[in-house]
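Residue numbers (the working numbering), protein chains in the order written: chain A, 97 to 348; chain B, 14 to 684.
In structure tokens:
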């Protein structure tokens, strides 16, 4: 007879905490997987009572939501942590922030009291800095782009070239003046883009701008996700953690 | 005064969106150190000449990085090989080879230390030198260039790269980097008297730092070496290896590097002892790292505790050349398994010993966890060839061991062998198939079902300097490939058994090039340079390695010198031949090595001096060292008693009620 050890049961989840985190500076080059590994180690160093999945290879129970692409900075990434012991979300957020490298910073941590969090991340706002492009040139290109009903672009994915519309998901696009500079060496493109499938990313919009308006980029763009959340009727993005923060059960 | 040095990051950042896995070039690891440039007199750039994902977990570099940075008068930063996509962009935009810590140009440092675990990194050294703006030939460098120091196991024969390096350090680096730092500091503080040449002379006079330019090599008309002699007074005839004694006094790495990028070893590794005296005749590591020096159970326990706390790793590796041989390994394993029970920390022990004790240890480390795979290394497929290589394992040992493993719930057994060993016949290799068949038969019986597997993994044997096989002729790739084909057929000759056996091997050709670089002399430098000029990079990666490029370069560069690829590899040397590394002293007595080689040919075995009396290999008296082993008789106490682990949490969440997660185990690979 051969004994076959069975995995022992893991403690149940008693609390969920939603965190907003950033990817700043050089750490914008972290991929989604890189961040996941860094967070899991930070959870251990910060002694967060994270729950583990069952099975022979237990994993910390963390859900990641619509991560920004590698190389794109972000002020508004979200993840949800499942805990096996209750804890003060503010303390957890502070401890995690200390355990993560500078650049991967915890913006906020709140206890989850509501469902449908992923659905609340309806749209993102992106700031795209385009070196070597004048604001006027960008404004003209954006106008041309918005005048189209559909702009079919191609992106190379792991499954080969994929062709899709980059226009319909764009809620707004604007060439924002660079404040306080007479002749800026770069232009700023502010975008609000709906979360759709397949995802339309800022580089897809840039492909579209190149396609319909011949916008050329002398240097690689610098992209930052500024916000993610519910899309208001005004076209603005609102705070996705607001519902949890307001919930009466959360006293923190 | 040296001008302060600025970061190349702004230029590099523009290139990163265009390359694969840019995070590997960004630095910012937990445990990384950036010191003030002007505050240090001696600045080291340390390189592991392979991709970041392979280099960043390297123990040697991590240890030296920490040891140097602990000094007030020195700083160390790290650099790795850049992939060809970034290399092309760096050339186009004139971005030099940089460190990942502060992104300073490598050419601005005082010392450029490169750790060679394998000879296959030589072309990557040339890329780094060239990108750094350092002339490839040491002879062309001046005072503005760093001193290029080679270390690591390959440095025990640095002759093929002698042209490209300024010096080489043999053996343990912990104390050597301190001595080099002192010498460079004093020379700089004195106003650099005598220039670069004087500095190299001072290094050479330590008798433990090899400076190739101070030695002339003369050749005989038939191509063999006539002699290697110093061309300077005060330079020793032989350069001696370094040995760090008392590993408890050097508990590094204390602050493990935790990268953001994925790396090949995602774990906290602690070296539980250094050296090995099992005497496997093919094993260069076992020969050149003698004597055995154990780290004590208390130091290991403390390093693991602090290493996990500081890194957040969930895996701990207890490393050495044969970890089950530690005199207190049972107490170490059970003590650590107790401490981390229910913590989702997995413990792994790279040991391939073929005995039941090894299975007991693996059981202990996987108490509640999955029992997936165990690895054993019989190395040879017949009793005869195992006597030749001094791997004292009988077929009964192997069957008994795998029966214990399968009977204890392990489902998969991996068996390591080598092909191309001295005196090897077809029968020796085909014998591996019979062993694997017996393993499966015995395993099915022990497990009580057919749900078990065995993987046969074969490596090509490469003769290495400072081993009893340093004289042997390497088996040609055609013979190796033919034997592997015969073996594959033999494994599958019984469909029912063959179905449960996996077979993993590589073709024999890369081994031949490794053989050239391992036992080559200074004339091989021209081959390395030509391969590099023709695009050779990352030769340790099968998708980048080109045998045809090496073969063509060897043909072009060696023929004119009257030698050849075969001459360096498949040719057997005789007792009187001067070997390219004879002036480099690993402590092993050459007469003893020759006697052991003759014993191998006579199929006579040699005991392990760890358990039996000294057999006079020469290392201890030559190096003034001794075996340092336990037992200490001490045990690992539970952490709640032993340390303040619970006190560091910045927020309160007492009463974890942590329950028993699986403690997975990998008794894993050491290669």
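Quick reminder that beta carbons are idealized off the backbone N, C-alpha and C, glycines included.
- Close partners of residue 122 of chain A in chain B (Cβ separation under 8 Å): 22, 26, 39, 40 and 41.
- Using a CB distance cut-off of 7 Å, residue 130 of chain A counts as an interface residue toward chain B.
- Positions of the beta strand (DSSP E) runs, each at least 3 residues long and wholly inside the stretch 350-396 of chain B, are given as 359-361 and 386-392 in order along the chain.
- With its beta carbon less than 7 Å from one in chain B, residue 140 of chain A belongs to the interface.
- Rounded to whole angstroms, residue 247 of chain A and residue 130 of chain A show a C-alpha spacing of 33 Å.
- Contact of residue 112 of chain A with chain B is not assigned, every C-beta pair being separated by 7 Å or more.
- Every unbroken stretch of the beta strand (DSSP E) spanning 3 or more residues and falling wholly within the stretch 221-275 of chain B is given here in chain order: 228-232 and 238-243.
- Closer than 9 Å at the C-beta level to chain A, one finds these residues of the stretch 255-285 of chain B: 271, 272, 273, 274, 275 and 279.
- Annotation: the stretch 161-195 of chain A contains the following complete segments of the beta strand (DSSP E) (minimum length 3 residues), in chain order: 169-179.
- By the rule that beta-carbons nearer than 7 Å mark a contact, residue 108 of chain A does not touch chain B.
- Take the alpha-carbon of residue 548 of chain B and the one of residue 336 of chain A: they are about 52 Å apart.
- Proximity of residue 207 of chain A to chain B, defined by a Cβ-Cβ separation below 7 Å, is not satisfied.
- For residue 597 of chain B, the three-state secondary structure derived from DSSP is strand.
- In terms of beta-carbon proximity, residue 125 of chain A lines the interface with chain B, with at least one pair separated by less than 7 Å.
- Contacts with chain A (Cβ-Cβ distance below 8 Å) from the stretch 325-340 of chain B involve 325, 326 and 327, listed in chain order.
- 7 Å or more divides the Cβ of residue 176 of chain A from the Cβ of residue 124 of chain A.
- With the criterion set as a beta carbon lying under 9 Å from some beta carbon of chain A, the stretch 133-161 of chain B has no members that meet it.
- Per DSSP, the unbroken alpha helix (DSSP H) holding residue 135 of chain B starts and ends at 135-145.
- Contact note: residue 167 of chain A reaches chain B through 29, 30 and 35, using a C-beta cutoff of 8 Å and chain order.
- Those residues of the stretch 356-376 of chain B placed with their C-beta closer than 8 Å to a C-beta in chain A are 357, ordered along the chain.
- Per DSSP, residue 57 of chain B is one residue of the beta strand (DSSP E) stretching across 55-61.
- Within the DSSP bridge table, the entry for residue 545 of chain B names no partner.
- The beta-bridge partner set that DSSP reports for residue 250 of chain A consists of A:259.
- A Cβ of chain B is located within less than 7 Å of the beta carbon of residue 148 of chain A.
- Within the same chain, 238 and 239 come within 7 Å of residue 232 of chain B by CB-CB distance, once the 5 residues on both sides are set aside.
- For residue 633 of chain B, there is no enclosing beta strand (DSSP E); the residue is found in the alpha helix (DSSP H) stretching over 632-636.
- For the stretch 269-291 of chain A, the set of residues with a beta-carbon nearer than 8 Å to any beta-carbon of chain B is empty.
- Look at residue 641 of chain B here: in three-state DSSP terms it is strand.
- Rounded to whole angstroms, the separation of the alpha carbons of residue 469 of chain B and residue 334 of chain A is 59 Å.
- Between residue 172 of chain B and residue 478 of chain B, the C-beta spacing is not below 7 Å.
- Here residue 617 of chain B is exposed, its C-beta having fewer than 16 other C-beta atoms within 10 Å.
- In chain order, 27, 30 and 31 make up the part of chain B whose C-beta sits under 8 Å from the C-beta of residue 316 of chain A.
- Restricting attention to A:262, A:271, A:213 and A:218, the CA atom closest to the CA of residue 339 of chain A is found in A:213.
- Secondary structure note for residue 90 of chain B: its beta strand (DSSP E) is the uninterrupted segment 87-93.
- Nearest Cα to residue 331 of chain B within the set B:308, B:421 and B:73: B:308.
- At a cut-off of 7 Å, the C-beta of residue 137 of chain A has a neighbouring C-beta in chain B.
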